[in-house]
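Per the UniProt record's numbering, the sequence shown starts with residue 1, numbered consecutively.
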Amino acid sequence: MTDKAQIYLVSRTIDDPSGAMAPLAEACDGGGVAAVLLSFAFTDEREQTKALKTIVPVLQKAGAAVIARTSPLVAVRGGADGVHIDTHGAVQEAIDTLKPDRIVGVGGLRTRHEAMEAGERDIDYLMFGEPRADGSLPDLDTTIERAAWWAEIFAVPCVGFVHDLDNVAAMAETGAEFIGVGEAVWSHAEGPAAAIARVRAIIATTDVPGREAPGR
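Here it is as structure tokens:
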């Protein structure tokens, strides 16, 4: 476990891959983004593969692992580093297809029980607090509580998603290995690069209670 959380960036839903490239590259070019989750508005697997082949090399060159909401085979064909699956989706299929060479993450977790069931599988991370399929947002206090509980007890890393950059410090204090950010980055008044720089600065200056900072 690292002493500081890393950044897990969630894209807007992509309907125009060429148009999505500039903001994604801007967000990642300054470094510090550990992973990017890509979601597509279109379901055609050939088009998703084509989009991944365009986007993935640029983000990987910037040091980010690229995770996609897509089928395992599309992820492989498109060169992605892994997939993100909702807890009731085809998690086992993703594990069977991608492990151990690629990443399998799980989100859409509604209860502690669902989180523990997912954590018993051969997955690489769990995500708490991401926007729901209908666009509604989970309660922040519940997400913070869930991330703190998981990070304290379990070995599988977790992503604690925040919808406002003002909440990054509170999430970092939970000990979550990754801080998830999305729309707050894309709508930032000074642009994605400035938003990511702010997240990095907040994480760097936030101590996790009970965890000794380096050099102390």
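For each residue, glycine too, the CB sits at the ideal point set by N, CA and C.
Every value quoted in this text rests on a predicted model; they were computed, and no experiment measured them.
- Going by DSSP, H113 is part of no beta strand (DSSP E) but of the alpha helix (DSSP H) stretching over 112-119.
- Shown here for P72: same chain residues with a beta carbon closer than 7 Å to its own, the five before and five after excluded, namely V83, E93, A94, T97, L98 in chain order.
- From the listed residues G191, V33, T54, A170, the smallest Cα separation to A65 is found for V33.
- Classified as exposed, H88 has fewer than 16 neighbouring CB atoms from the shown chains inside 10 Å of its CB.
- Fully enclosed beta strand (DSSP E) runs of no fewer than 3 residues occupy 178-181 of the stretch 167-207, in order along the chain.
- In this structure, DSSP gives L109 a state outside helix and strand, which the three-state scheme calls coil.
- When the alpha-carbon of T49 is set against those of L37, T70, A133, K61, the nearest one is in T70.
- Between W150 and D29, the alpha-carbon positions lie close to 31 Å from each other.
- Counting every other CB atom within 10 Å of its CB across the protein chains shown gives G135 a total below 16, marking it as exposed.
- Exclusion of the five residues before and after M21 leaves T54, I55, V58 as the residues of its chain whose Cβ lies within less than 8 Å of its Cβ.
- For the set I153, G79, A201, G191, the Cα lying nearest the Cα of V168 is the one of A201.
- In this structure I85 is not in contact with A41, their Cβ atoms being roughly 18 Å apart against a cut-off of 8 Å.
- For T13, the enclosing beta strand (DSSP E) has its first and last residue at 6-14.
- Boundaries of the beta strand (DSSP E) harbouring D86: 82-86, taken from the DSSP string.
- The C-beta separation of I144 from A170 comes to about 6 Å, placing the pair in contact by the 8 Å criterion.
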